[in-house]
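Residue numbers (this note's numbering), protein chains in the order written: chain A, 1385 to 1589; chain B, 1385 to 1589.
Cβ atoms here follow ideal geometry from the backbone N, Cα and C, with glycine treated the same way.
Step one of this worksheet: look at the structure below.
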DNA sequence: CACAAGTGACATGAGTCGCTGTCACATATG
DNA sequence: CATATGTGACAGCGACTCATGTCACTTGTG
């Protein structure tokens, strides 16, 4: 543990560390999103990142912690993307719902690794499951909030709102899972369409 | 491999083999439904069933095959339970939907091991995922069929029906997952209620 | 240039898991 | 009772993962 640092190949110690961390995260996303959670082992991640295990422990305590960071990274991207999309959407309920759902689905299907990491594989490991739930719940909350502000009131008394939102978002997740696993004949556009309609139907009462 | 068999402890060779197989399945369900897919290892299953690995290979080729059998067993139970429930239900759409959903949710929450095995852990392993999808799809098909026969026609052109059904069933699965993981404040009754309403809303157009 | 810090390839040890084999004991049958 | 079969406890092997350590080589600094 050198108390004094120094540049190397034109990069400061912090830059190098950050770069290594990024490479580990990228390798982690790659493996989690293609080989799956089970095969996203520490050895495999280091090998793909072309880094020694020592550098793994420099940035992460354990394999699970890195996977958490990977999922969190995707979740952050989902959050910012969806929020940005919603803000630029017109004030019409149907259009607004479609924009939000579209941003969600598009991001996770455009790069299937991200979709698998955030939706499929995050449901596999016990450690990741809470994050997945949080991600879905966050998106659901956004939908509910939008719906309330547009329709003017809460549709149901709690916790029915939470339940309904999760019921909807879970369905979306299932469709994404099926799409990512080639288990369904549908395009992302189909999924967006179905989701938008179902949401409208659920709110229109 | 004895070509000649003989009774032991009052049981024939086939009876003993079937008994061992049942014990392995029970141990598998227990581990899959509590410890999780990752910890449902062959050694652990044999240990819990109090059988040697030799007897494992007598009935199953691999760990994954046993887990498949466990999930299939639960899926079979779901199928027969739901079908039986639907047949004894009145011919009214809303009631019929409620009965089907109720049978589904009740079975998987009454014995959380079954719920976890069929819904949660079956989404974890690559090998089990197709079975989970099949189970959900089967239930979805049942819903669609019921809806068609009761409302008289297909609501949408394919594959939109399939998409909508999966969207609904996936939501149910998500709610069950959340309930099984104590991630939601809701009773099975709440889930059934929400599911029934959403289904009605989705069909009523 | 000499030397310390940074890096990468590899070795080692502990712990599991899958899988096979051995051996003693239990049980049925002639 | 004697023998063959059924059973259970356990040891051993190879493979893999995690975790730590060693050593040579590269790169920057005085």
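Boundaries of the alpha helix (DSSP H) in which residue i is found, first to last residue
| i | result |
| --- | --- |
| residue 1548 of chain B | 1544–1564 |
| residue 1579 of chain A | 1572–1587 |
| residue 1412 of chain B | 1397–1418 |
| residue 1429 of chain B | 1426–1433 |
| residue 1444 of chain B | Here residue 1444 of chain B belongs to no alpha helix (DSSP H), and DSSP marks it neither H nor E. |
Residues near residue i in its chain [Cβ-Cβ closer than 8 Å; skip 5 each side]
| i | result |
| --- | --- |
| residue 1526 of chain B | 1466, 1467, 1470, 1484 |
| residue 1568 of chain B | 1559, 1562 |
| residue 1423 of chain B | 1415 |
| residue 1480 of chain A | 1470, 1473, 1474, 1530, 1534 |
| residue 1397 of chain A | 1389, 1390, 1391 |
Separation of residue j from residue i, as counted between CA atoms
| i | j | result |
| --- | --- | --- |
| residue 1557 of chain A | residue 1509 of chain B | 17 Å |
| residue 1435 of chain B | residue 1493 of chain B | 29 Å |
| residue 1452 of chain B | residue 1515 of chain B | 8 Å |
| residue 1501 of chain B | residue 1583 of chain B | 25 Å |
| residue 1580 of chain B | residue 1533 of chain B | 17 Å |
| residue 1429 of chain A | residue 1440 of chain A | 9 Å |
| residue 1407 of chain A | residue 1419 of chain A | 17 Å |
| residue 1585 of chain B | residue 1464 of chain A | 31 Å |
| residue 1524 of chain B | residue 1399 of chain A | 52 Å |
| residue 1477 of chain B | residue 1461 of chain B | 24 Å |
| residue 1456 of chain B | residue 1490 of chain B | 18 Å |
Chain B within 8 Å of residue i, Cβ atoms only
| i | result |
| --- | --- |
| residue 1457 of chain A | no |
| residue 1545 of chain A | no |
| residue 1527 of chain A | no |
| residue 1490 of chain A | no |
| residue 1478 of chain A | no |
| residue 1552 of chain A | yes |
| residue 1460 of chain A | no |
| residue 1559 of chain A | yes |
| residue 1454 of chain A | no |
| residue 1568 of chain A | yes |
Minimum Cβ-Cβ distance from residue i to chain A less than 8 Å
| i | result |
| --- | --- |
| residue 1440 of chain B | no |
| residue 1562 of chain B | yes |
| residue 1585 of chain B | yes |
| residue 1414 of chain B | no |
| residue 1481 of chain B | no |
Cut-off 7 Å between Cβ atoms - residues of its own chain near residue i, not counting five sequence neighbours on either side
| i | result |
| --- | --- |
| residue 1411 of chain B | 1429, 1432, 1433 |
| residue 1459 of chain A | 1502, 1515, 1519 |
Contacting residues, own chain, Cβ-Cβ under 6 Å from residue i (five flanking each side not counted)
| i | result |
| --- | --- |
| residue 1385 of chain B | Low local confidence applies: a pLDDT of 40 at residue 1385 of chain B is under 50, so the model's placement there is unreliable, and no value is given. |
| residue 1387 of chain B | In this predicted model, residue 1387 of chain B has a pLDDT of only 45, less than 50, meaning its place in the structure is not dependable; the value taken from the coordinates is given anyway. Hits under 6 Å: none found. |
| residue 1553 of chain B | 1520, 1523, 1524 |
Could you tell me whether the stretch 1504–1522 of chain A touches the stretch 1573–1581 of chain A, using the rule of 3 or more Cβ pairs below 8 Å?
no
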